[in-house]
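Written out below as structure tokens is the structure these notes cover.
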Amino acid sequence: MTQATVTKARTFTHLVSKEGGVKYPLEALNVCEETFSPLEVAYDYDAIRAQVSRETIEAGPNSIWRYKAFLPVESENPIDVGTGMTPLVKSNRLARRLGLKNLYIKNDAVNMPTLSFKDRVVSVALTRAKELGFSTVSCASTGNLANSTAAIAARAGLDCCVFIPSDLEAGKVLGTLIYNPTLMAVKGNYDQVNRLCSEVANTYGWGFVNINLRAYYSEGSKTLGYEVAEQLGWKLPDHVVAPLASGSLFTKIYKGFREFAKVGLVDDKNVRFSGAQAEGCSPISQAFKEGRDFISPVKPNTIAKSIAIGNPADGVYALDVARKTQGNIEDVTDAEIIEGMKLLAETEGIFTETAGGTTIAVLKKLVEAGKINPDETTVVYITGNGLKTQEAVQGYVGEPLLIDPKLDSFERALERSRTLERLEWQQTIV
Amino acid sequence: MAVKVLIPTPLQKFTNNQATIECNGGNIDELIDSLEINCPGIKSRICDDTGKPRRFLNLYVNSEDIRFLDNTDTALSDGDEVSIVPAVAGG
Numbered sequence: 001m002t003q004a005t006v007t008k009a010r011t012f013t014h015l016v017s018k019e020g021g022v023k024y025p026l027e028a029l030n031v032c033e034e035t036f037s038p039l040e041v042a043y044d045y046d047a048i049r050a051q052v053s054r055e056t057i058e059a060g061p062n063s064i065w066r067y068k069a070f071l072p073v074e075s076e077n078p079i080d081v082g083t084g085m086t087p088l089v090k091s092n093r094l095a096r097r098l099g100l101k102n103l104y105i106k107n108d109a110v111n112m113p114t115l116s117f118k119d120r121v122v123s124v125a126l127t128r129a130k131e132l133g134f135s136t137v138s139c140a141s142t143g144n145l146a147n148s149t150a151a152i153a154a155r156a157g158l159d160c161c162v163f164i165p166s167d168l169e170a171g172k173v174l175g176t177l178i179y180n181p182t183l184m185a186v187k188g189n190y191d192q193v194n195r196l197c198s199e200v201a202n203t204y205g206w207g208f209v210n211i212n213l214r215a216y217y218s219e220g221s222k223t224l225g226y227e228v229a230e231q232l233g234w235k236l237p238d239h240v241v242a243p244l245a246s247g248s249l250f251t252k253i254y255k256g257f258r259e260f261a262k263v264g265l266v267d268d269k270n271v272r273f274s275g276a277q278a279e280g281c282s283p284i285s286q287a288f289k290e291g292r293d294f295i296s297p298v299k300p301n302t303i304a305k306s307i308a309i310g311n312p313a314d315g316v317y318a319l320d321v322a323r324k325t326q327g328n329i330e331d332v333t334d335a336e337i338i339e340g341m342k343l344l345a346e347t348e349g350i351f352t353e354t355a356g357g358t359t360i361a362v363l364k365k366l367v368e369a370g371k372i373n374p375d376e377t378t379v380v381y382i383t384g385n386g387l388k389t390q391e392a393v394q395g396y397v398g399e400p401l402l403i404d405p406k407l408d409s410f411e412r413a414l415e416r417s418r419t420l421e422r423l424e425w426q427q428t429i430v
Numbered sequence: 001m002a003v004k005v006l007i008p009t010p011l012q013k014f015t016n017n018q019a020t021i022e023c024n025g026g027n028i029d030e031l032i033d034s035l036e037i038n039c040p041g042i043k044s045r046i047c048d049d050t051g052k053p054r055r056f057l058n059l060y061v062n063s064e065d066i067r068f069l070d071n072t073d074t075a076l077s078d079g080d081e082v083s084i085v086p087a088v089a090g091g
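Sequence order for the protein chains is A and B. For the first sequence, the UniProt record's numbering begins at 1 and goes up steadily by one. For the second sequence, the UniProt record's numbering begins at 1 and goes up steadily by one.
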């Protein structure tokens, strides 16, 4: 456990409405009061430029807090549970299978402490929540955010009340309860949970990480951009493929790259942004394909529950990023999602959850459609861990071979499995 | 026809800090006009220049998003509950 110690002046200055540019003070605010659009944290980039260099970042903590100058917190000791600095793996076998030469996997399936990228945003949100004086924190979640908020609140000594849809995967429910928050399982889908939380946030004085702390919270996703740039040797990639739920992560990776270029840490270039959705919840992909600049909400029906947001709040911004960077947005079926999970596991040894299966399946689809150049440095973002969504692949991964504790039993079983493998292989060839 | 409208915090300055307002209207468009009469100034916050609800604002009739119903033509009956909820981030 490292404790980040940075004693620099505050680099963030105010909140600003994404539509209309209205300025707001650095408080816990939901949305722009005039347009209801999201609020964004604004920074003094000259101050950041004066504070950071590649060397100061490399000498910083081995966590997201090495980028503290780019994050909206003031504390000298932010909540540091070792979040971030997850592996950027150069893919060999998956890359070969797909016909790509420069594929990298950003593996947040092993992010700390709760095995999803959400630990990044929650570390930032709860540090800011303490600074703003909240003693209770809360969130509406499809599961990963619930795990992360409950865990990091426990570490920080904050009271915690979490809202989830009642049909979540067992691993995500248990993985929240273990931290002993108050857990509300709402009979409804995520969008209904969110709506309830907006009403709760109006009346209770709690810090909701994705409602009144959203402007701060969402900035944590920028570290997925910073880390990739640093891990590539202070270079931006050519193309990224990331999952789309609310659209926030996608736009923040983009913002992270822009900021690094702006302060001179990397050479500027156009990075293509491609987004992945599940066909059973693909409002952003549908809008992209139909050339619309607005999102029509849908009712989710997919195994990819962690990205099943039918009414994505940052959907229009994600559309904008994909279009202006010459990227794509694509969706895949539940069957393709399971195949994507298996493909990543079998070729790279990474067990991701359904969102990661979605992203890998979309990567494959884009390659097959000729939309990713084999020479491009492509980074695929894996944002969650497969152990949390075991139900999704149950029945699709085979069974163990049950044998007696005797050599001949083992040998008979081995022969049988090799025959089966051969048959499968022949079928594939034909 | 009395319809209960749930008002989000940023709009409560138009409702004397009331979180709920009783209003009339046969559909959402009429309800918004009726809200404006009771709470002058609120319509220009709810709606954009075209007179339709802003894109970051979600309207629900008895928990159903009006975009799954008939949008602002969605009919209202006595006792319905309409909530106005700004979109929130997620995951």
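Glycine included, each C-beta is placed from N, C-alpha and C at the ideal position.
| Check | Outcome |
| --- | --- |
| Check for me: the beta strand (DSSP E) holding B:I46 runs from which residue to which? | Segment 42-46 is the alpha helix (DSSP H) holding B:I46; no beta strand (DSSP E) there. |
| Should A:Y204 be labelled buried (16 or more other beta-carbon atoms within 10 Å of its own) or exposed? | exposed |
| Where does A:E391 fall in DSSP's three states? | helix |
| Enumerate in chain order the residues of its own chain whose CB-to-CB distance from A:S166 is below 8 Å, with the five nearest sequence positions on each side excluded. | A185, V186, K187, G188 |
| Can you have a look at A:V110 and say buried or exposed, based on whether 16 or more other CB atoms are within 10 angstroms of its CB? | exposed |
| Pull out every residue of the stretch 210-239 of chain A whose Cβ sits closer than 8 Å to any Cβ of chain B, in chain order. | N210, I211, R214, Y217, S218 |
| Which residue comes first and which comes last in the beta strand (DSSP E) that contains A:D191? | Careful: A:D191 lies outside any beta strand (DSSP E), inside the alpha helix (DSSP H) at 190-203. |
| Quick check: A:P243 and A:G280, are their CB atoms within less than 9 Å of each other? | no |
| By how many angstroms is the C-alpha of A:T176 removed from the C-alpha of A:K364? | 33 Å |
| Would you identify the three-state DSSP class for A:V41, choosing helix, strand or coil? | strand |
| Which residues, in chain order, does the stretch 30-49 of chain A contribute to contact with chain B at a C-beta distance below 9 Å? | N30, V31, C32, E33, E34, T35, F36, S37, P38 |
| Please classify A:Q277: does DSSP put it in a helix, a strand, or coil? | strand |
| Could you give the uninterrupted runs of the alpha helix (DSSP H) lying entirely in the stretch 297-363 of chain A, keeping only those of 4 residues or more? | 315-324, 334-348 |
| Evaluate contact between the stretch 220-236 of chain A and the stretch 134-151 of chain A, counting only Cβ atoms and requiring at least three cross-stretch pairs below 8 Å. | no |
| Would A:A287 be called buried (16 or more neighbouring beta carbons within 10 Å of its own) or exposed? | buried |
| With A:K130 as the anchor, note down where its alpha helix (DSSP H) starts and where it stops. | 118-131 |
| Given that a residue counts as buried once 16 or more other Cβ atoms are within 10 Å of its Cβ, and exposed if not, what is A:E219? | buried |
| State the CB to CB distance for the pair A:G256 and A:K222, rounded to an integer number of angstroms; the pair is presumed to be in contact (CB under 8 Å). | 4 Å |
| Mind pulling the alpha helix (DSSP H) runs of 4 or more residues that sit fully within the stretch 74-117 of chain A? | 93-98 |
| Scan the stretch 136-198 of chain A and note each continuous alpha helix (DSSP H) run of 4 residues or more that stays entirely inside, going in chain order. | 144-156, 170-177 |
| Between the Cα of A:T347 and the Cα atoms of A:S246, A:V73, A:K90, which residue gives the shortest distance? | A:K90 |
| Which partner residues does B:P86 have in the DSSP bridge list? | B:L57 |
| Does the distance from the CB of A:L132 to the CB of A:L213 come in under 9 Å? | yes |
| Could you list which residues in chain A have their beta carbon closer than 7 Å to that of B:F56, in chain order? | V31, T35, F36, S37 |
| Count the other CB atoms within 10 Å of the CB of A:K324; is the residue buried (16 or more) or exposed (fewer)? | exposed |
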